[in-house]
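Mapping the sequence shown onto full-length UniProt numbering, position 437 (from 1) lands on 437, and the numbers just tick up by one. Only one structure is covered here, and it is reproduced in the block below.
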Amino acid sequence: MTDYFPYENLRPNQRDFIELVSKAVENGENVIIEAPTGFGKTVSVLAGVLPHAKEMGYKVLYLARTHRQMDRVIEELKAISRKSPVSGVELRSRKDLCLHTYLTQFTSDAYTAMVVCKNLKKMGKCEFYENEKKKKAEFDELVRFFLGEPSHPAEILDYSQTLELCPYDLTKRIAEKADVIVASYLYLLSPTIRENFISSLDLDYSDLIVVFDEAHNLPDQAISALSDKISINTINRAIKEADEYNEHEIANFLSILSRGLEILFQEKLAGRDVQETAIQPELVFSHVVDVLGLDTRWLVKTLNDMVAVGDSIREDRIEKGKPPRSYIGRVGEFLLLWLSLIGREDYLFLMSRDRGLSLELVALDPSKALGFIKDVQSAIFMSGTLTPLEAFRDVMGVENARLKKFPRMVKRENAQVLVAKDVSTRGDERSLQVYRKMVDYIVEAARIIPKNVGVFAASYEVLQGLLSANLQVRLEETGKAVFIEKQGVSSAENDLMVAQFKAHARGNGAVLLGVMGGRNSEGQDYSGDEMNGVVLVGIPYARPTPRVQARIRYFERKFPEKGRYYGYYLPAHRKLVQAAGRVHRSAEEKGSIVVLDYRLLWRGIKKDLPDWMVETVRPVDLGRMRLYLKRFWAT
1 MTDYFPYENL
11 RPNQRDFIEL
21 VSKAVENGEN
31 VIIEAPTGFG
41 KTVSVLAGVL
51 PHAKEMGYKV
61 LYLARTHRQM
71 DRVIEELKAI
81 SRKSPVSGVE
91 LRSRKDLCLH
101 TYLTQFTSDA
111 YTAMVVCKNL
121 KKMGKCEFYE
131 NEKKKKAEFD
141 ELVRFFLGEP
151 SHPAEILDYS
161 QTLELCPYDL
171 TKRIAEKADV
181 IVASYLYLLS
191 PTIRENFISS
201 LDLDYSDLIV
211 VFDEAHNLPD
221 QAISALSDKI
231 SINTINRAIK
241 EADEYNEHEI
251 ANFLSILSRG
261 LEILFQEKLA
271 GRDVQETAIQ
281 PELVFSHVVD
291 VLGLDTRWLV
301 KTLNDMVAVG
311 DSIREDRIEK
321 GKPPRSYIGR
331 VGEFLLLWLS
341 LIGREDYLFL
351 MSRDRGLSLE
361 LVALDPSKAL
371 GFIKDVQSAI
381 FMSGTLTPLE
391 AFRDVMGVEN
401 ARLKKFPRMV
411 KRENAQVLVA
421 KDVSTRGDER
431 SLQVYRKMVD
441 YIVEAARIIP
451 KNVGVFAASY
461 EVLQGLLSAN
471 LQVRLEETGK
481 AVFIEKQGVS
491 SAENDLMVAQ
501 FKAHARGNGA
511 VLLGVMGGRN
521 SEGQDYSGDE
531 MNGVVLVGIP
541 YARPTPRVQA
551 RIRYFERKFP
561 EKGRYYGYYL
571 PAHRKLVQAA
581 GRVHRSAEEK
591 GSIVVLDYRL
601 LWRGIKKDLP
611 DWMVETVRPV
621 DLGRMRLYLK
631 RFWAT
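Right, dumping it as structure tokens:
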């Protein structure tokens with residue numbers, strides 16, 4: 001154990017954590033662990049898995065949600081390698097690790113990038129790939145160099161650029177021999193990407209020890225990876241593409257399909273005040289089947305032909321230096337998947353009017369993304385918010401698992417949880433008057449809590465309600481800068497905003513407005529004065545849309561008497577706890593948590609909160625909140 005723990009002193013309970021992981025790996029078991037923020041989970045899990053992995057030749061695959069979390073693993077591996085030899089590499093997407101301007105300019109998703117990369121190599125149009133053969137000695141030397149010490153992607157990118165070699169291929173070659181591969185969840189959650197990834201490394205699942213960091217994210221990430229969506233606009237563009245390439249039979253098929261969808265839309269959604277509705281999946285094909293007299297076999301043949309034509313069109317567009325898309329191929333792939341899933345109870349088939357008519361395949365069971373877990377040597381799931389562990393085990397379908405919850409690190413005197421007893425974001429209680437009352441709470445908290453404060457709302461709708469009640473102007477009157485999280489911005493833009501927010505901790509302080517479950521309320525580290533307090537506005541329960549209701553029904557069938565709790569209540573409570581956890585990075589850091597929703601005082605909700613929150617909860621009105629905050633920060 002000590003050979004792979006790089007620091008002089010162990011924090012409380014770290015030895016138990018390391019030994020638990022070590023025994024599980026040795027015995028081929030899985031582990032589900034909850035350990036608090038600031039525990040040192042990353043270095044502990046590495047210290048637990050590496051001895052057995054090195055001895056028996058297992059590959060450690062460490063999966064995280066964000067680039068920031070992945071970078072942190074490399075930092076810990078660098079520290080370990082200064083004590084004991086260990087190699088590690090961080091996988092990024094082709095777009096992040098590509099020097100070819102065509103790919104970086106024209107691709108936006110992992111699948112398209114994979115197709116483009118494959119075609120550029122096949123057509124001899126990637127000089128960096130061609131250089132791998134011409135500069136084989138330099139390429140092999142770089143592989144050996146980076147196996148000597150764990151490296152960040154930027155380091156590999158710099159060397160590759162200098163020698164005009166493909167950084168993505170270089171990273172993959174390093175990964176083939178590295179002890180630890182750090183990657184995004186998507187590498188194992190997406191079935192297509194997973195199979196390509198495992199086969200490219202020439203690995204069996206039994207060769208792997210898999211670590212899922214921040215595992216509370218897994219249910220949502222798994223659902224996202226298994227789901228898909230297409231719009232009527234894409235189908236109409238596919239018709240134009242078919243005409244352009246003289247694929248008249250495909251154009252005719254798609255035109256009739258499009259007309260059938262318009263008819264279905266009029267029946268299901270037109271004139272109704274709803275954004276989406278569940279449909280019988282066969283109805284999507286009913287019009288085209290009736291008009292063309294197709295049976296299922298011919299329908300499948302037509303869709304497979306569309307996929308093949310799509311591949312040819314992409315090659316043609318790459319040859320001409322145009323964006324490598326094919327709407328025909330995209331529609332064919334989606335409809336084949338739709339057709340293959342008919343009859344499956346774990347999928348919902350939706351029609352929606354999101355930015356125009358759309359069809360959506362919604363996965364209901366996140367455990368379907370983890371079917372491979374039964375074949376790996378060991379899987380470790382860890383987070384600061386997995387309570388109750390049995391629920392996570394059930395929902396994600398993790399068998400042969402040890403469960404362990406480590407105690408809090410937050411000292412009682414450093415934690416304060418105040419719950420407003422006169423406001424809530426319950427749907428029937430939302431009004432401008434209530435939002436104004438909440439703004440009073442937020443402004444007073446921001447005024448009293450020193451330096452930086454986070455305000456995380458239950459949804460963007462609630463955040464907008466607060467802004468409509470003059471929140472931004474009133475916060476600026478406190479003398480603190482105000483930063484607002486925006487939907488749809490890139491990671492780079494968001495990271496820049498958060499860095500600017502953190503910088504204000506060295507001055508008068510600032511307030512960051514965002515949402516629970518968002519990228520700034522989970523996974524971000526705020527040290528010292530970078531977030532001395534958070535105000536949590538409401539509880540982030542999902543709106544009762546058809547997809548949410550379908551998931552609850554599915555869970556109620558799969559987990560009798562627990563379905564609504566597993567599928568609706570618990571995910572929201574975990575998001576709230578994650579946001580609350582932003583204020584404490586160590587046992588010594590002080591932090592105030594103000595919750596603007598009296599429902600947090602209810603027994604059924606409090607049981608899902610960590611001990612340190614439950615022990616310090618106090619119901620307040622505005623006056624008492626002001627008094628308790630002043631007392632807390634006066635000391």
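Positions of the beta carbon are idealized from the N, C-alpha and C atoms, including for glycine. Just so you know, these numbers come straight off a predicted model, no measurement behind them.
query                                                                                                            : result
G260 - DSSP class collapsed to helix/strand/coil                                                                 : helix
Three or more C-beta pairs below 8 Å linking the stretch 186-194 and the stretch 346-361                         : no
Residue span of the alpha helix (DSSP H) that contains R297, given as start and end                              : 296-319
Distance CB(N452)-CB(A542) smaller than 9 Å                                                                      : no
Extent of the continuous alpha helix (DSSP H) to which R393 belongs                                              : 389-396
Beta carbon of E241 nearer than 9 Å to that of I174                                                              : no
V620 in three-state terms, based on DSSP                                                                         : strand
Whole runs of the alpha helix (DSSP H) within the stretch 339-409, excluding any shorter than 4 residues         : 389-396
Own chain partners of M438 with C-beta closer than 7 Å, once the 5 adjacent residues on each side are dropped    : V423, L466, V537, L596
With 16 other Cβ atoms within 10 Å as the buried cut-off, status of D428                                         : exposed
Range of the contiguous alpha helix (DSSP H) that encloses G79                                                   : Looking at the sequence itself, residue 79 is Ala, so the reference to Gly does not match. Start and end: 67-81.
Those runs of the alpha helix (DSSP H) which lie wholly inside the stretch 466-507 and span at least 4 residues  : 471-476, 491-503
Which of helix, strand or coil DSSP assigns to Q275                                                              : coil
Helix, strand or coil at residue 637 according to DSSP, with G and I counted as helix                            : Summary: the structure shown does not reach residue 637, with the chain confined to residues 1 through 635, and so no result is reported for it.
Length at least 3, wholly inside the stretch 412-477: the beta strand (DSSP E) runs in chain order               : 415-420, 453-457
C-beta contact flag for I342 and E282 at 9 Å                                                                     : yes
Reduced DSSP category for L513 - H, G, I as helix; E, B as strand; rest coil                                     : strand
Per-residue DSSP class, three states only, for F139                                                              : helix
Where H100 falls, given that 16 or more other Cβ within 10 Å makes a residue buried                              : buried
Heavy atom of the ligand GTP within 8 Å of V25 beta-carbon                                                       : Summarising the ligand content, the structure contains no ligands, and the ligand GTP is consequently not present.
Close Cβ partners of I593 (< 6 Å) along its chain, the five nearest in sequence each way excluded                : V417, V534, A580
Top-ranked residue by Cα proximity to R553, from D365, M351, A379                                                : D365
V86, DSSP secondary structure in three states                                                                    : coil
Environment of M123 [buried if 16+ CB atoms lie within 10 Å]                                                     : exposed
N- and C-terminal bounds of the beta strand (DSSP E) containing M208                                             : A quick correction: the sequence has Leu, not Met, at residue 208. Unbroken beta strand (DSSP E) run through L208: 208-212.
For D228: DSSP bridge partner residues                                                                           : L361
Straight-line Cα distance separating H584 from G591                                                              : 6 Å
Residue of L91, S81, H52, K83 minimising C-alpha distance to Q69                                                 : L91
Minimum C-alpha distance to P610 - residue among A24, P36, Q14                                                   : P36
Length at least 4, wholly inside the stretch 145-176: the alpha helix (DSSP H) runs in chain order               : 153-163
Cβ neighbour criterion (16 or more within 10 Å) applied to V258                                                  : Per the sequence shown, the amino acid found at residue 258 is Ser instead of Val. So S258 ends up on the buried side.
Residues that G533 bridges to, as DSSP identifies them                                                           : V453, S592
Beta-bridge partners of N30, as assigned by DSSP                                                                 : A401
Close-in-space but distant-in-sequence residues of the same chain around E127 (CB under 6 Å, 5 per side omitted) : none
Residue range of the alpha helix (DSSP H) that includes K134                                                     : 127-134
Nearest-angstrom Cα separation, counted from L336 out to Y245                                                    : 22 Å
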